[in-house]
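Enquirer: A single structure is presented below for examination.
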Amino acid sequence: MNALAATNRNFKLASRLLGLDSKLEKSLLIPFREIKVECTIPKDDGSLVSYVGFRVQHDNARGPMKGGIRYHPEVEPDEVNALAQLMTWKTAVANIPYGGAKGGIGCNPAELSISELERLTRVFTQKIHDLIGTHVDVPAPDMGTGPQTMAWILDEYSKFHGYSPAVVTGKPIDLGGSLGRDAATGRGVLFATEALLNEYGKSVSGQSFVIQGFGNVGSWAAQLISEKGGKVVAVSDVTGAIKNSNGIDIPSLLKHSSEHKGVKGFRGADPIDPKSILVEDCDVLIPAALGGVINKENANEIKAKFIIEAANHPTDPDADEILKKKGVVILPDIYANSGGVTVSYFEWVQNIQGFMWDEEKVNNELKNYMTRGFKDVKDMCKTHECDLRMGAFTLAVNRVARATVLRGWEA
Ligand SMILES: NC(=O)C1=CN([C@@H]2O[C@H](COP(=O)(O)OP(=O)(O)OC[C@H]3O[C@@H](n4cnc5c(N)ncnc54)[C@H](OP(=O)(O)O)[C@@H]3O)[C@@H](O)[C@H]2O)C=CC1
Ligand SMILES: O=C(O)CCC(=O)C(=O)O
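Below, the structure is given as C-alpha cells:
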C-alpha cells in the first residue's frame, strides 16, 4: 500500500471511531493546497538541470501549516501528500498551534555540490515564497536537508519580504535557530521510549536497541539512548549495516561516521546484510530512515517487542496487523517523532518574541510536551479501546475536527 493510501486508511479508521460526520471527514482529508514547481539550475559545469519540487499544505485549522522539506531521489507527490497529512495529525497530537505541510525535491543531494544545492534551494524558494510565511506555512529540515538549507531559504525569502527569521525553523543558531533543535527529534524519541517502557515496568537501561538510519534523528537517538544505559546492538545507513551484540560504542561510531561519511567500515562492530537490520534480535527497534520499510515481507520476522517510529510512516498497514497479532507494541510516528516539530515551535516562539531560551529550558519543555502527549494518547486508547496508533490518530483528528467546526463552514 502506498504512503497516501496507508495514511488515508488510518485517518478513516480514526474518523469512524470518533463518529465524524462524512462531510467533515471529506474536508479533513482533502489537502488545502498542492504546489508543484520546476526548478532549473545551472550545474557547476555549466549544463542545465531540472528538478521537480513540491509543497503540499494539508490543513490550517489550528494554525500556520508546518513541516519539513526533504531532498531525496524518491520524493513523489503521493508521499509528500501523505507526509503533509501526517504533519497535521502530528502537530495536533503535540498540541502545538499549527496545521500540517510537507515539501520535497526529487534529487540526490549526495550527488550535488554545495553551490548546486544552494542554487536549487534558492530557485525552489523563489517559486514558493508567496505561498509560505511566518503565519502561513513554516518549513523545516527533513531527510537530506539541514540548518544550511534553512539559512538559504531564510535569505532568499527575506529578499522578497524583508528579514523574516520565523519563516523557517531548524536554522543555524547564528540566524535565530533554537538551542536543542538539532537533537530534538532524537531527544523526543528518547522521552517517548522512556514513557512507553515505563508502562511495562522497564527502563531504557538494560534494553537492547536496533536503529535503522544514522542521520539527524537516528544518530541523536542512538547517542541519547546509549547515554541512558541502553545497549545499541545494530545500526545501518545507506553505506551499510553493522552489529555488535555486546553494544556498539556510539561516541566512537559518531566519530567514524563523520570522518568516513557513513557507518561502513566501523571497527567496533561486524558488517551485516543491511536487509536484515529490521529483523535483528533486540528488545526495541527504531526505524529512523525511510517510510514503508516494515511491511508484509518482513513483519513476521521482526524479533523486537517494541517499535518506536522515529521515521515517518515506517510501518505499512499490513505489517501493523501482523505485528499486532504477534503482540509487538508500536509507538506511532505522529507521537514518537513529534519532538522535532515541538522544538521547531519553540524556535518560532523565540523568533516572534525576539528572546532566546537556554538549552535546559528547551529540553525541559520538550519533556513536558512528550510526557503530556503520551498521557493524552493513552487516554484516547482507553476511551476507544484501541492501539497506540489509533489512540494518536483519534486524539489528533478530534482536535483538528473541533477547530474546523469552531471556525465555521460558510464559504
Ligand atoms: N529531522 C527531523 O527533525 C525529523 C525527521 N523525521 C523523520 O526521520 C527520518 C530520518 O530523517 P533525518 O534523520 O532528518 O534524515 P537524514 O537525512 O539526516 O538521515 C537519514 C538517514 O537515513 C539513512 N538512510 C537513507 N536511506 C536508507 C536506507 N535505505 N537504509 C538505511 N538507511 C537509510 C541515511 O543514510 P546516509 O546518511 O548514508 O545517506 C541517513 O543515515 C525521516 O523519515 C524523517 O521524515 C521525523 C521527524 C522530524
Ligand atoms: O520541525 C518541523 O517543523 C517539521 C519536522 C518534520 O518534518 C517532521 O516532523 O516530520
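Residue numbers for the sequence shown follow the numbering used here, so the first one is 356 and each next one is one higher. Quick reminder that beta carbons are idealized off the backbone N, C-alpha and C, glycines included. Here the structure is a predicted model, which means the values were calculated and not measured.
1) Just mark A465 as buried or exposed, buried being the case when its beta carbon has 16 or more other beta carbons within 10 Å.
2) Among K583, G570 and T524, which residue has its Cα nearest to the Cα of Q562?
3) Does the beta carbon of M442 fall short of 7 Å from some heavy atom of ligand 2?
4) Put P496 into one of helix, strand or coil per three-state DSSP.
5) Decide if K398 is buried, meaning its Cβ has at least 16 other Cβ atoms within 10 Å, or exposed.
6) Quick one, which of D636, A539, K598 and L467 has its alpha-carbon nearest D625's?
7) Consult DSSP for E740 and reduce its assignment to one of helix, strand or coil.
8) In chain order, what residues of the same chain have a beta carbon less than 7 Å from the beta carbon of I605, not counting five sequence neighbours either side?
9) Based on DSSP bridge pairs, tell me the residues matched to A437.
10) Report all residues from its chain with a CB closer than 7 Å to the CB of R762; omit the five preceding and five following residues, and keep chain order.
11) Spatial neighbours of D527 within its chain, please: C-beta separation below 8 Å, excluding the five flanking residues on both sides.
12) Among the residues of its own chain, which have a CB less than 7 Å from the CB of H668, if the five just before and after it don't count?
13) Where DSSP assigns a beta bridge to K598, which residues make up the other side?
14) Let me check understanding here. Comparing Cα to Cα, which of T489, P496 and R754 lies closest to H427?
15) Taking only heavy atoms of ligand 2 into account, decide whether any of them is closer than 7 Å to the Cβ of V411.
16) Could you give the DSSP three-state label for R417: helix, strand or coil?
17) Let me have the residue list for ligand 2: C-beta closer than 5 Å to any non-hydrogen atom, ordered along the chain.
18) Would you mind stating whether G517 and N706 have Cβ atoms separated by less than 8 Å?
19) Leaving out five residues before and five after T443 in sequence, what residues of the same chain have Cβ atoms less than 7 Å from its Cβ?
20) Give the DSSP-derived three-state secondary structure of L645 in the structure shown.
21) Can you find a heavy atom of ligand 1 that lies under 7 Å from the Cβ of G573?
Expert: Concretely, from the data shown:
1) exposed
2) K583
3) yes
4) strand
5) exposed
6) K598
7) coil
8) A577, Q578, S581 and V587
9) Looking at the DSSP assignment, A437 forms no beta bridge with any residue, so it has no partner.
10) A416
11) Note that residue 527 is Pro in the sequence shown, not Asp. Answer for P527: P502, Q503, M505 and A506, listed in chain order.
12) A358, A361, T362, A437, L441, G646, G647 and D688
13) A589 and D625
14) P496
15) no
16) coil
17) K421, G422, G423, A495, D497, G695, V696 and S699
18) no
19) H413, D414, G454, G455 and V755
20) coil
21) yes
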